[in-house]
Structure formats: structure tokens, C-alpha cells
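Colleague: Chains as they are written, first to last, in the UniProt record's numbering: chain Y, 1 to 83; chain B, 1 to 242. Note that the Cβ used here is the ideal one computed from N, Cα and C, for glycine as well. Owing to the predicted nature of the structure, the values given are computational and were not obtained by experimental measurement.
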Amino acid sequence: MSQSLAKQCNEVKERYDTCFLKWYSEKYLRGIGTAENNECSELFKEYSQCLKVALKERGIDKLLEEAREDNKENDAVYLGRKK
Amino acid sequence: MVLTHTTNHTYNHPFPTVTLAFFLRYCTPQLNPFANHVLSTDTIAQHVDPATGRLHTTRIHLKKSKMPPAVMKLLPTSLTGGAADKASYILETSVVDMKEGWMSTESRNLNFVGVLSVIEKQTYSAPATSPSQHVTAPNPFASNGTTDVATTVIFRSRLGERIRDKLHTAHHDASGEGGWFSRLGARGVQRSIESLASTKTVDQLGKSREGMQKILERLRQTGVMGVLELRKMARERSMEAA
Numbered sequence: 001m002s003q004s005l006a007k008q009c010n011e012v013k014e015r016y017d018t019c020f021l022k023w024y025s026e027k028y029l030r031g032i033g034t035a036e037n038n039e040c041s042e043l044f045k046e047y048s049q050c051l052k053v054a055l056k057e058r059g060i061d062k063l064l065e066e067a068r069e070d071n072k073e074n075d076a077v078y079l080g081r082k083k
Numbered sequence: 001m002v003l004t005h006t007t008n009h010t011y012n013h014p015f016p017t018v019t020l021a022f023f024l025r026y027c028t029p030q031l032n033p034f035a036n037h038v039l040s041t042d043t044i045a046q047h048v049d050p051a052t053g054r055l056h057t058t059r060i061h062l063k064k065s066k067m068p069p070a071v072m073k074l075l076p077t078s079l080t081g082g083a084a085d086k087a088s089y090i091l092e093t094s095v096v097d098m099k100e101g102w103m104s105t106e107s108r109n110l111n112f113v114g115v116l117s118v119i120e121k122q123t124y125s126a127p128a129t130s131p132s133q134h135v136t137a138p139n140p141f142a143s144n145g146t147t148d149v150a151t152t153v154i155f156r157s158r159l160g161e162r163i164r165d166k167l168h169t170a171h172h173d174a175s176g177e178g179g180w181f182s183r184l185g186a187r188g189v190q191r192s193i194e195s196l197a198s199t200k201t202v203d204q205l206g207k208s209r210e211g212m213q214k215i216l217e218r219l220r221q222t223g224v225m226g227v228l229e230l231r232k233m234a235r236e237r238s239m240e241a242a
């Protein structure tokens, strides 16, 4: 896809994205993609670890927490039941 | 104050292809020329629920600010964080259920929420009239089939609530900066932000649909491998340029 927000994660992100797109189109969309046979899990762990640092540095982890709180409030008030 | 806007659209592509296009839509400008404003895309969570078989994904996109310039001008820098902060983080969550044939997505801005919060919800589904279409066909990219999408955008400006306190403290000094809001009236500002943003977003919805259309056409022509190849080439080119 496009770049990662953290330059140092670009390479692992690219590998994960490619893995995911292949898994999604070749397995998940054909009904054979389950939680167990996901060959991209290890790559995702690596990618997440890299990204975690960047999210913290930019204060995005805090924004995410706020959004989660806000989400509950919004859904309750404006949208009712979630699918 | 809250504004909502709902639209319906039908893509002339089967449901599995449309869900793939959703994941690919910020891939590269070569694939989607309408994604030039997207600076980065990251997946922060992704898993298949073992009980339901649904795929849950959370992504963060960094986009050049979609806040209309007219709104930016209206706002004091104390609220916008100044010119440096004209990119916004978008949190996108999605759930795909391939067995039942639906995908539901939600995108919301993570910053600027004190000024304006925009939540876009979409539900993609295979039409009810052809239930067999989405049920894990041997070739999910078969070129027949359509997909319905319902989009709801909810705008909420909390500016009024936020500045009310400021107004109270600035009240005695009404000729100063506090007067800016007093003259226009917090409610008026709030309302214009929402209506401006709403007009802009309706515009944006058209573009995002055109973008999806481009990706869908490409998928029909070259398949997934063709798209992956294009992506790789675009990446190599950008690395050479760097």
C-alpha cells in the first residue's frame, strides 16, 4: 500500500501487506482462510512491534484511547446498536 | 449539533472483489489516482474471529487535511495547532463476513475532534436477490455480480461546547480574542463548520467512489497478481527516486 507512517517500518509493512493481500484473495475470499492457517501472523508481530514505537512517539496511542472512549459514547447516543 | 448524510450506490462487481478493492484503495496513486492525499497507511490490528470466521481489521491512515480551507481560516491557530498540523490521522475499522456476504467499515478522524468529528460508516453487501453469489464461490473474482454499498457520514462539531468555557473566562475582555466568537456566536460557527465540511465531504465521497472504480477495473483486467505487480513496480520506482 502506501508508506508506513514510520520510515523504519516500511520494509516489514511492505512484506506484511503483500502477504495479507495474497492470503486474503487466495484463501479468505475462497472460504479457506481461518485464524489457524494465517501464514502472515509472524510478519504481523514483527510489523506491530516496529509500529508500536512510532505510535507512542507521535502520541497516536493516546488519540486511539480517546477515540475508543468517544466511540462508546457516540454509538450509544447516535447510532444505537452496532452490527 | 449533528448532521448526517446517507447515500447508496451499487458497484457492478462481485462482493469479494469490492472488499479487496477496499483494502487496496490507498495502495498507490498508480492504482488509485484519487489517493494522492494519503501520506501513509498502517495496519494496527488484524485477526480472524475463530467463532464467526469474520476478519477484523484496524488501520490508521495519515491524510493531508480534509478540513476545508474555509474552515481552517475560520479557526484560531490555538485550535488547529497551527499550519504545521494540517494532516489528519484517520482510524479505520472494518469487519468482513464472507459467509454472510457483508462488510462493515467505519472511519473517523483522530485529531481535530475538538473542532469537527467526521465518522463515515459503510456497509457493503451482496444483493439479497442472489444469495449464492457471495457464498465462497470457487472463483470469487468472477466478473458478474453486483455489490450494494450504503454510506452514512456523521458530522459533529464540538467547538461550541469546547469554547463555551473559554468564552466565560474571556467574557470580561470581550474586545480581545474572546470577542471573535462572541460576534459570530458559537452556534453559528459550529453550524457553518458542519455545513462546509458536509458539502466538502459529499464531494469527497464521489472521488472515493471513482477511486474504488479504478481499482475494481484494474482487478477485473489483471487480477490480484497484476495489482500486486503494479504495486511492486511503483514501490521500486519510488525507492529509486529517493
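Roughly how many whole angstroms lie between the Cα atoms of G53/B and A234/B?
Modeller: Taking the straight line from one Cα to the other gives about 33 Å.
Colleague: Find the nearest neighbour of F15/B within the set G206/B, K99/B, T4/B and E210/B, judged by alpha-carbon distance.
Modeller: When each option's Cα is compared against that of F15/B, the closest is K99/B.
Colleague: Going by alpha carbons, who is nearest to V224/B out of S2/Y, K7/Y, K27/Y and V12/Y?
Modeller: Looking at the Cα atoms, K27/Y is the closest of the given residues.
Colleague: Which chain Y residues are close to P16/B, counting only those with a beta carbon under 7 Å from its beta carbon?
Modeller: In chain order: L29.
Colleague: Identify, in the order they occur along the chain, each residue of the same chain with its Cβ nearer than 6 Å to the Cβ of I119/B, setting aside the five sequence neighbours on each side.
Modeller: Closer than 6 Å at the Cβ level, and outside the excluded window around I119/B, lie R108 and I154.
Colleague: Mind checking if I44/B is an interface residue toward chain Y, Cβ cutoff 8 Å exclusive?
Modeller: Interface residue, yes.
Colleague: Let me see if you follow: with CB-CB separation under 8 Å, is Y124/B close to chain Y or not?
Modeller: Y124/B does not count as touching chain Y.
Colleague: Quick check on M98/B: does DSSP put it in helix, strand or coil?
Modeller: M98/B: coil per DSSP, three-state reduction.
Colleague: Please go through the same chain and pick out, in chain order, the residues whose beta-carbon is closer than 8 Å to the beta-carbon of H56/B, but skip the five residues on each side of it.
Modeller: Result list for H56/B: A45, Q46, H47, V48, D49, T93, S94 and V95, in chain order.
Colleague: Output, in sequence order along the chain, the residues in the stretch 49-70 of chain Y whose CB is closer than 8 Å to any CB in chain B.
Modeller: Cβ contacts with chain B: L51, L55, I60, L63, L64, E66, A67 and D70.
Colleague: Got a sec, what are the start and stop residues for the beta strand (DSSP E) A45/B sits in?
Modeller: Here the beta strand (DSSP E) through A45/B covers V38 to V48.
Colleague: Are L216/B and H61/B touching if we call contact CB-CB under 8 Å?
Modeller: No, these two residues do not count as a Cβ contact at 8 Å.
Colleague: Apart from the five residues just before and just after V53/Y, which ones in its own chain have a Cβ nearer than 7 Å to its Cβ?
Modeller: So no residue of the chain qualifies.
Colleague: Within 8 Å of any Cβ in chain B, is that where the Cβ of K13/Y sits?
Modeller: By this cut-off, K13/Y is an interface position.
Colleague: Contact criterion: CB-CB distance below 8 Å. Does L5/Y meet it with respect to chain B?
Modeller: True, the Cβ-Cβ gap to chain B drops below 8 Å.
Colleague: Starting from S41/Y, trace the alpha helix (DSSP H) in both directions and tell me its first and last residue.
Modeller: Note, S41/Y: alpha helix (DSSP H), S41 to E57.
Colleague: Taking only beta-carbon atoms, is K153/B less than 8 Å away from chain Y?
Modeller: The sequence given here places Val at residue 153/B; Lys does not occur at that position. Taking Cβ atoms only, chain Y never reaches closer than 8 Å to V153/B, which makes this a no.
Colleague: In three-state DSSP terms, what is residue 263/B?
Modeller: Nothing about residue 263/B can be read from this structure; chain B reaches only from 1 to 242.
Colleague: Check each candidate in T4/B, Q190/B and R25/B and name the one with the smallest Cα separation from R218/B.
Modeller: Among T4/B, Q190/B and R25/B, the Cα nearest to that of R218/B belongs to R25/B.
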